[in-house]
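In this note's numbering, each number is its position in the sequence shown, counted from 1, plus 167.
For glycine and all other residues, C-beta sits at the position ideal for the given N, C-alpha and C.
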Amino acid sequence: FFVEASQSIGQSKLHFATNNGSWQRVQLNGDINETVDKGVFQLHFAHLDADSKKDVILEKDSFLYSYTLRAEPIWQYETNGQSISGIKAFNFGDDDKRVGWYDEKSQQIFLLDKVGRLQNQFPKRSSTSFSIADVDLNNEMELIRTDSIGGMLIEPFE
Numbered sequence: 168f169f170v171e172a173s174q175s176i177g178q179s180k181l182h183f184a185t186n187n188g189s190w191q192r193v194q195l196n197g198d199i200n201e202t203v204d205k206g207v208f209q210l211h212f213a214h215l216d217a218d219s220k221k222d223v224i225l226e227k228d229s230f231l232y233s234y235t236l237r238a239e240p241i242w243q244y245e246t247n248g249q250s251i252s253g254i255k256a257f258n259f260g261d262d263d264k265r266v267g268w269y270d271e272k273s274q275q276i277f278l279l280d281k282v283g284r285l286q287n288q289f290p291k292r293s294s295t296s297f298s299i300a301d302v303d304l305n306n307e308m309e310l311i312r313t314d315s316i317g318g319m320l321i322e323p324f325e
């Protein structure tokens, strides 16, 4: 779940996924209780654009979608039936947010740029999930993933 804060507690909204796969939005004073989307498999909240507000990433019907909290579409990406695990958002700068996930079936990691396009040189093989961080504090991002026998690979991000 995620709380969309407002100037007053009553105007704040709670966003969450139900057990039956619906994205719900509830205003804390009880005025709004609505189903934003149905049939959602995964729901994730992250900053994807430069407006400093959280956005929504959801998996539904072989697509990954991103929306503002007002349910305005940002982008969509066809996943072609991938087994999406661990949706993550990565901050590459103020206006450069990227979304990644691990596909358990193909043992590959995928990374989308800020407009929902597959990043160059992706997908990449990995035997488990992955991360992206500046691990050596040189102001450049590195990709951390595992090889076929579980060894850790740390490589410059291109």
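Assuming W268 contacts I241 (C-beta within less than 8 Å), just tell me the rounded distance between them.
-> That belief does not hold up - the Cβ atoms of W268 and I241 are roughly 17 Å apart, past 8 Å.
Contiguous alpha helix (DSSP H) assignments of at least 4 residues, all confined to the segment 208-260 = none
Where F277 falls, given that 16 or more other Cβ within 10 Å makes a residue buried = So F277 counts as buried.
Measure the alpha-carbon distance for L310 versus G197 and round it to whole angstroms.
-> 44 Å
If you follow the beta strand (DSSP E) that G188 is part of, which residue opens it and which one closes it?
-> No beta strand (DSSP E) holds G188; DSSP gives it neither H nor E.
Sorted by chain position, which residues of the same chain lie with C-beta nearer than 7 Å to F230's C-beta, five sequence neighbours on each side aside?
-> Q243, Y244, E245 and T246
So what's G197 in DSSP terms, helix, strand or just coil?
-> coil
Could you please give the first and the last residue of the uninterrupted beta strand (DSSP E) stretch that includes S294?
-> Segment: none, S294 is in no beta strand (DSSP E) and carries neither H nor E.
Beta-carbon contacts of F212 that lie in its chain and below 8 Å, excluding the five residues immediately before and after = F169, H182, K221, D222, V223 and I224, listed in sequence order.
Got a sec? Which residues, its chain only, sit under 6 Å from D262 by beta carbon, not counting five neighbours each side?
-> A217
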